[in-house]
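Student:
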Amino acid sequence: MTLFKQIAAVTLMNFKSLPHRVGTSVVIVIGIAGVVAVLVSVLAMSTGMLETMEHSGRDDRAIVLRNGSASEVGSALGRDAARLVMDAPGIKRDSKGDPIASAEDLRLVNLFRKEDGAEVNVAIRGVGPQVHELRPELKIVAGRMFRPAVTEIIVGKAANAEFKGLNIGDQIKTRGATWTVVGVFTTDGDSHESGLMTDAETLIAAEQRGSFQSVTVMLESPAAFQKFKDALSANPALAVDVSREREYYRRQSETIGKVIYVIAYVVGGIMAIGAIFSALNTMYSAVSARLREIATLRAIGFGATAMVMSVLAEALLLAFIGGAIGAAIAWLFFNGHQVSTSGGGAAVGHLIFELSVSPALIATGIIWACTIGLIGGVFPAVRAARLPVATALRAI
Amino acid sequence: MKYFGLIWAGLWRKRARTLFTMASIVVAFLLFGLLQGLNQGFNTVVTNLNVDRLYVSAKTNMTDGLPISYGQRIRNVPGVRAVSHWTYFGGYYQNARNAIPAFATDAPELFKVYREMKIKPEYLEAMAKTRTGAVVGSELAKKYGWKVGDRVPIGTSIWTTKQGSSTWMFDIVGTFDTSEYGGGFPSFYLNQEYFTENTARGGDIVHYYLVGISDPHQATKISKQIDAMFANSTYETRTQTESALAQMQLKQIGDINFIVNAIVGAVLFTLLFLTANTMMQSVSERTPELAVLKTLGFSDGKVLTLVLIEALALCVFAAAAGLALATLTFNSGALKVIFGNFAMPLIVIGMGAGVALVLAIVSGLPPAWRARQLNIVDALAGR
Numbered sequence: 004m005t006l007f008k009q010i011a012a013v014t015l016m017n018f019k020s021l022p023h024r025v026g027t028s029v030v031i032v033i034g035i036a037g038v039v040a041v042l043v044s045v046l047a048m049s050t051g052m053l054e055t056m057e058h059s060g061r062d063d064r065a066i067v068l069r070n071g072s073a074s075e076v077g078s079a080l081g082r083d084a085a086r087l088v089m090d091a092p093g094i095k096r097d098s099k100g101d102p103i104a105s106a107e108d109l110r111l112v113n114l115f116r117k118e119d120g121a122e123v124n125v126a127i128r129g130v131g132p133q134v135h136e137l138r139p140e141l142k143i144v145a146g147r148m149f150r151p152a153v154t155e156i157i158v159g160k161a162a163n164a165e166f167k168g169l170n171i172g173d174q175i176k177t178r179g180a181t182w183t184v185v186g187v188f189t190t191d192g193d194s195h196e197s198g199l200m201t202d203a204e205t206l207i208a209a210e211q212r213g214s215f216q217s218v219t220v221m222l223e224s225p226a227a228f229q230k231f232k233d234a235l236s237a238n239p240a241l242a243v244d245v246s247r248e249r250e251y252y253r254r255q256s257e258t259i260g261k262v263i264y265v266i267a268y269v270v271g272g273i274m275a276i277g278a279i280f281s282a283l284n285t286m287y288s289a290v291s292a293r294l295r296e297i298a299t300l301r302a303i304g305f306g307a308t309a310m311v312m313s314v315l316a317e318a319l320l321l322a323f324i325g326g327a328i329g330a331a332i333a334w335l336f337f338n339g340h341q342v343s344t345s346g347g348g349a350a351v352g353h354l355i356f357e358l359s360v361s362p363a364l365i366a367t368g369i370i371w372a373c374t375i376g377l378i379g380g381v382f383p384a385v386r387a388a389r390l391p392v393a394t395a396l397r398a399i
Numbered sequence: 557m558k559y560f561g562l563i564w565a566g567l568w569r570k571r572a573r574t575l576f577t578m579a580s581i582v583v584a585f586l587l588f589g590l591l592q593g594l595n596q597g598f599n600t601v602v603t604n605l606n607v608d609r610l611y612v613s614a615k616t617n618m619t620d621g622l623p624i625s626y627g628q629r630i631r632n633v634p635g636v637r638a639v640s641h642w643t644y645f646g647g648y649y650q651n652a653r654n655a656i657p658a659f660a661t662d663a664p665e666l667f668k669v670y671r672e673m674k675i676k677p678e679y680l681e682a683m684a685k686t687r688t689g690a691v692v693g694s695e696l697a698k699k700y701g702w703k704v705g706d707r708v709p710i711g712t713s714i715w716t717t718k719q720g721s722s723t724w725m726f727d728i729v730g731t732f733d734t735s736e737y738g739g740g741f742p743s744f745y746l747n748q749e750y751f752t753e754n755t756a757r758g759g760d761i762v763h764y765y766l767v768g769i770s771d772p773h774q775a776t777k778i779s780k781q782i783d784a785m786f787a788n789s790t791y792e793t794r795t796q797t798e799s800a801l802a803q804m805q806l807k808q809i810g811d812i813n814f815i816v817n818a819i820v821g822a823v824l825f826t827l828l829f830l831t832a833n834t835m836m837q838s839v840s841e842r843t844p845e846l847a848v849l850k851t852l853g854f855s856d857g858k859v860l861t862l863v864l865i866e867a868l869a870l871c872v873f874a875a876a877a878g879l880a881l882a883t884l885t886f887n888s889g890a891l892k893v894i895f896g897n898f899a900m901p902l903i904v905i906g907m908g909a910g911v912a913l914v915l916a917i918v919s920g921l922p923p924a925w926r927a928r929q930l931n932i933v934d935a936l937a938g939r
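Chains as they are written, first to last, in my numbering: chain A, 4 to 399; chain B, 557 to 939.
Below you can see the structure in the form of structure tokens.
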């Protein structure tokens, strides 16, 4: 009999006897499901946040801040600087020949979360008249667009759902003005939906600050970025940092993303160690339960490799089931679950996002599960192979 | 106690199984200790914060700022001991990645409000005499190798000087010790007068008034009084205690409590199955032995107790080891960065002990009950 046939035969026999060992087998499945569920759920937070942030940027858009600014809140661009930026080469022009760009002003306002009444910083973005050309993803889903020069404001769909007092007709007080909510917008699920939007000039007039904080431009093409950047760097009248929009938003959530990663892997790692011990337990008792069978098979000529493989296959199968259950739990309970945090960087104020259990995450979970199963299976497998046949048969 | 030998022998009947089960429980309680410790740590830090300090900021949003003139009016409120302020300067050293937590302030008053901060009086005198002076936390000074007398350039992305520059020069006139406060205390201070005079525009602003009060019991009353004083003005205020402010900031990050409890819940749930399974196996293997015990005259209740105590010994010993490991991690200073001087909260140990007890009873009771119900004849016959 070839080795392969032996392995197949023993493994099949082994699987058939699994139902007799449900009690112990469940331990490994549940243990691993727990690890994978926790790992995948925590990672789903950083994945969801990253998706939302990266989604906020496009490769053919660039954002200009005062140099040295980590985010828009820590930036200030005068009117002259904003004008110079918008005149730079590389910016796409509309049908009238004007550059497609928006000089923006970002303010934070205190609002309250519906869920627990917690007070949070929400962003109000003042945008230029060309916002529709610049951000074609911006769509009004209820009410209407704000009008400039009167204190009207539109709110993001996510903000509308998350914070108190953002329904159409509600009023929001900020320094120097009281705004009326006139519409709800979406931006295809990106971070802007966590905030509010109004006309930049009106916002600046209300605040009496006389300054923009950033300029976002639509480039002729993603490749035009370098030309645009070089032109601004070469201009002695400007001291600005230019970033691709996608890069800028990714940077905002970098720190908290890393923190979540570390938490996920430290907690997941510790749990995995625990799960390895329970896997060892399960597999050792599986081997003891099959003692008679293994000894008999060995006596009639089955090789040691076949024994090792059959135990490993059992461990892997159970681990895989556990991993799949864990990932399924994470997906069922948390995929699309909406959470919010101020950790998304000051650029977007309080960020609202959905947990995202992506296929890549599920794969990570399953790989962890199988690794745990393999480690937990290997020692019992070796024990099964090394059993002295005579003693094992006598012990029965 | 005379049954100790019997329980001990039962526990180690299958050495590997008991060891692995124990190891799993140790790991689970290590995680329990670490996570709950962190959680309680946040809570303790937040509630232990000084209650005799109030923070006054603009009601609409902290970033909106308040007029400088408010300082004097707040000082006149009865019960106020000292008033200083923070004006956000931001800033960075050498390049934008080296952010400096710089604030403009009234330095002598600042150290009256934060009495636990230690600074030499001569440094404060030097600060008063040097317009362009700055006092820095000793950790920050160490990080960049700054010494008293150094002149350092600090870049800013917000405030332009009257000369149109983004770089401000400061003379380091002193250092101070923030270790009593723990992490997170802003550690670079410049003179508000210099800041206001030297900014091209908008320098006459304060982001937080820091108010020291004489009697912590008056905190609520004084807060209300301050807010009432500026109500219906252009610049309305909102006054919070230090711990309320910290709680708000923690809440903004996320629901830490929920996350910790969810993870710990998952861990313990998994563990329950493992331990219950181990005990079940152990009892079913020993069926004939238990029958012998009964034959020898052990009562049903005694057999039940024996098995339960075995489960208890397993869980409690392993849980204690896990919690001890967690405590060691905490007390080793690995977490000093976040909490300052911090030891494992005793309540976590108590909670852990409780959980271990419940775990033992829930996982030990079914097999113990089974042992109690054993019929001698059937058990000996292997039926």
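Think of the CB as a built atom: it goes at the ideal place given N, C-alpha and C, for glycine as much as any other residue. Keep in mind it's a predicted model, so treat the numbers as computed, not measured.
Is there a Cβ of chain B sitting closer than 9 Å to that of residue 94 of chain A, yes or no?
Tutor: As a working note, residue 94 of chain A is residue 91 in the first sequence. Not an interface residue.
Student: Check this for me: beta carbons of residue 168 of chain A and residue 352 of chain A, under 9 Å apart or not?
Tutor: Numbered from 1 along the first sequence, position 165 holds the residue referred to as residue 168 of chain A. Numbered from 1 along the first sequence, position 349 holds the residue referred to as residue 352 of chain A. Contact flag unset, no.
Student: So is residue 251 of chain A in contact with chain B if we call contact Cβ pairs under 9 Å?
Tutor: Here residue 251 of chain A is taken as the residue at index 248 of the first sequence, counted from 1. Not a single CB atom of chain B sits nearer than 9 Å to the CB of residue 251 of chain A.
Student: Suppose you measure from the CA of residue 14 of chain A to the CA of residue 364 of chain A; what does that come to, to the nearest Å?
Tutor: Mapped onto the first sequence, residue 14 of chain A falls at position 11. Mapped onto the first sequence, residue 364 of chain A falls at position 361. Residue 14 of chain A and residue 364 of chain A: Cα-Cα distance of roughly 30 Å.
Student: Between the Cα of residue 901 of chain B and those of B/910, B/911, B/926 and B/887, spot the shortest distance and give me the residue it belongs to.
Tutor: Here residue 901 of chain B refers to the residue found at position 345 of the second sequence. It is B/887.
Student: With three or more beta-carbon pairs closer than 8 Å as the criterion, would you say the segment 239-252 of chain A touches the segment 56-75 of chain A?
Tutor: yes
Student: For chain A, is any of its Cβ atoms less than 9 Å away from the one on residue 795 of chain B?
Tutor: Counting from one through the second sequence, the residue named residue 795 of chain B turns up at place 239. No, because no Cβ of chain A sits closer than 9 Å to the Cβ of residue 795 of chain B.
Student: Which whole-angstrom value is the C-beta distance of residue 662 of chain B and residue 641 of chain B, which I expect to be below 8 Å?
Tutor: As a working mapping, residue 662 of chain B is identified with position 106 in the second sequence. As a working mapping, residue 641 of chain B is identified with position 85 in the second sequence. Rounded, the Cβ-Cβ distance is 6 Å, consistent with contact.
Student: Could you list which residues in chain A have their beta carbon closer than 7 Å to that of residue 577 of chain B, in chain order?
Tutor: Within the second sequence, residue 577 of chain B is the residue found at index 21, counting from 1. Neighbours of residue 577 of chain B on chain A, chain order: 284.
Student: Does the beta-carbon distance from residue 227 of chain A to residue 90 of chain A come in below 9 Å?
Tutor: In the first sequence, counting from the first residue as 1, residue 227 of chain A sits at position 224. In the first sequence, counting from the first residue as 1, residue 90 of chain A sits at position 87. Taking 9 Å as the Cβ cut-off, residue 227 of chain A and residue 90 of chain A do not qualify as a contacting pair.
Student: Between the segment 255-271 of chain A and chain B, which residues of the former have a C-beta closer than 7 Å to a C-beta of the latter?
Tutor: 270
Student: Between residue 353 of chain A and chain B, is there a C-beta pair that is closer than 9 Å?
Tutor: By one-based count along the first sequence, residue 353 of chain A stands at place 350. Yes - at least one Cβ of chain B is within 9 Å of the one on residue 353 of chain A.
Student: Does the distance between the C-beta of residue 331 of chain A and the nearest non-hydrogen atom of the ligand FAD fall short of 8 Å?
Tutor: Here there are no bound small molecules, and the ligand FAD is not part of this structure.
Student: Mind listing which residues of the segment 60-71 of chain A have their C-beta closer than 8 Å to chain B's C-betas, in chain order?
Tutor: 68, 69, 70 and 71
Student: Could you please give the first and the last residue of the uninterrupted alpha helix (DSSP H) stretch that includes residue 58 of chain A?
Tutor: The residue you call residue 58 of chain A lines up with position 55 of the first sequence. From DSSP, the alpha helix (DSSP H) with residue 58 of chain A extends over 25-58.
Student: Buried or exposed for residue 603 of chain B, going by 16 or more other Cβ atoms inside 10 Å?
Tutor: Numbered from its first residue, the second sequence carries residue 603 of chain B at position 47. Exposed is the call here.
Student: At a CB-CB cut-off below 7 Å, which residues of chain B make contact with residue 274 of chain A?
Tutor: For this step, residue 274 of chain A is matched to residue 271 along the first sequence. Under the 7 Å cutoff, chain B gives 587 and 823.
Student: Using a Cβ-Cβ distance cut-off of 9 Å, determine whether residue 646 of chain B contacts chain A.
Tutor: Translated into positions along the second sequence, residue 646 of chain B becomes position 90. By this cut-off, residue 646 of chain B is an interface position.
Student: State the beta-bridge partners of residue 733 of chain B as determined by DSSP.
Tutor: Here the question's residue 733 of chain B lines up with position 177 in the second sequence. Looking at the DSSP assignment, residue 733 of chain B forms a beta bridge with B/674.
Student: Can you tell which of A/384, A/370, A/233 and A/361 has its C-alpha closest to the C-alpha of residue 306 of chain A?
Tutor: For the purposes of this step, residue 306 of chain A is taken as residue 303 along the first sequence, with counting starting at 1. Of the candidates A/384, A/370, A/233 and A/361, the one whose C-alpha sits nearest the C-alpha of residue 306 of chain A is A/384.
Student: Just how far apart, CA to CA, sit residue 713 of chain B and residue 727 of chain B?
Tutor: Numbered from 1 along the second sequence, position 157 holds the residue referred to as residue 713 of chain B. Numbered from 1 along the second sequence, position 171 holds the residue referred to as residue 727 of chain B. Approximately 20 Å between the Cα atoms of the pair.
Student: What separation, rounded to the nearest whole angstrom, lies between the Cα atoms of residue 834 of chain B and residue 320 of chain A?
Tutor: Within the second sequence, numbered from 1, the residue matching residue 834 of chain B stands at position 278. Within the first sequence, numbered from 1, the residue matching residue 320 of chain A stands at position 317. Going from the Cα of residue 834 of chain B to the Cα of residue 320 of chain A covers about 21 Å.
Student: Please confirm if residue 108 of chain A has its CB atom under 9 Å from at least one CB of chain B.
Tutor: Against the first sequence, residue 108 of chain A aligns to sequence position 105. Cβ-Cβ to chain B under 9 Å: no for residue 108 of chain A.
Student: Do we get a CB-CB distance below 9 Å when we pair residue 33 of chain A with the residues of chain B?
Tutor: The sequence position of residue 33 of chain A within the first sequence is 30, counting from 1. So, interface residue.
Student: Would you please verify whether the beta carbon of residue 113 of chain A is less than 9 Å from any beta carbon of chain D?
Tutor: Reference to chain D is not applicable here, since the protein chains of this structure are A and B.
Student: Determine which residues share a DSSP beta bridge with residue 649 of chain B and list them.
Tutor: Reading the second sequence from its first residue, position 93 is the one you call residue 649 of chain B. B/710, per the DSSP bridge assignment.
Student: Check this for me: beta carbons of residue 337 of chain A and residue 194 of chain A, under 9 Å apart or not?
Tutor: Within the first sequence, numbered from 1, the residue matching residue 337 of chain A stands at position 334. Within the first sequence, numbered from 1, the residue matching residue 194 of chain A stands at position 191. No. Outside cutoff.
Student: Closer than 8 Å, Cβ to any Cβ of chain A: which residues of the segment 736-760 of chain B, in chain order?
Tutor: Under the 8 Å Cβ criterion, the segment 736-760 of chain B contributes 757 and 758.
Student: Give me, in chain order, the residues of the same chain whose beta-carbon lies closer than 8 Å to that of residue 209 of chain A; leave out the 5 immediate sequence neighbours on both sides.
Tutor: As a working mapping, residue 209 of chain A is identified with position 206 in the first sequence. So the list reads 154, 177, 178, 179 and 180, once near-sequence residues are dropped.
Student: Mind listing the chain A neighbours of residue 650 of chain B? Cutoff is C-beta to C-beta under 7 Å, in chain order.
Tutor: Sequence index remark: in the second sequence, residue 650 of chain B carries index 94 (1-based). In chain order: nothing, as chain A lies at least about 10 Å away.
Student: Who are the Cβ neighbours of residue 874 of chain B in its own chain at under 6 Å, not counting the five residues just before and after it?
Tutor: For this step, residue 874 of chain B is matched to residue 318 along the second sequence. The answer, listed in chain order, is 578, 581 and 582.
Student: So, do the segment 325-345 of chain A and the segment 362-380 of chain A have three or more beta carbon pairs nearer to each other than 8 Å?
Tutor: yes
Student: I want to verify the contact list: residues of chain A whose CB lies under 9 Å from the CB of residue 620 of chain B, in sequence order.
Tutor: Locating residue 620 of chain B in the second sequence gives position 64, counting from the first residue. The contacting residues are 110, 111, 112, 177, 178, 179 and 210.
Student: Which of the three DSSP states is assigned to residue 811 of chain B in this structure?
Tutor: Position 255 of the second sequence holds residue 811 of chain B. Of the three classes helix, strand and coil, the one that applies to residue 811 of chain B here is coil, per DSSP.
Student: Determine whether the Cβ of residue 783 of chain B lies closer than 9 Å to any Cβ atom of chain A.
Tutor: By one-based count along the second sequence, residue 783 of chain B stands at place 227. Cβ-Cβ to chain A under 9 Å: no for residue 783 of chain B.
Student: Measure the C-alpha to C-alpha separation of residue 87 of chain A and residue 247 of chain A and round it to an integer number of angstroms.
Tutor: Position 84 of the first sequence, counting from 1, holds the residue named residue 87 of chain A. Position 244 of the first sequence, counting from 1, holds the residue named residue 247 of chain A. Answer to the nearest angstrom: the Cα atoms are 18 Å apart.
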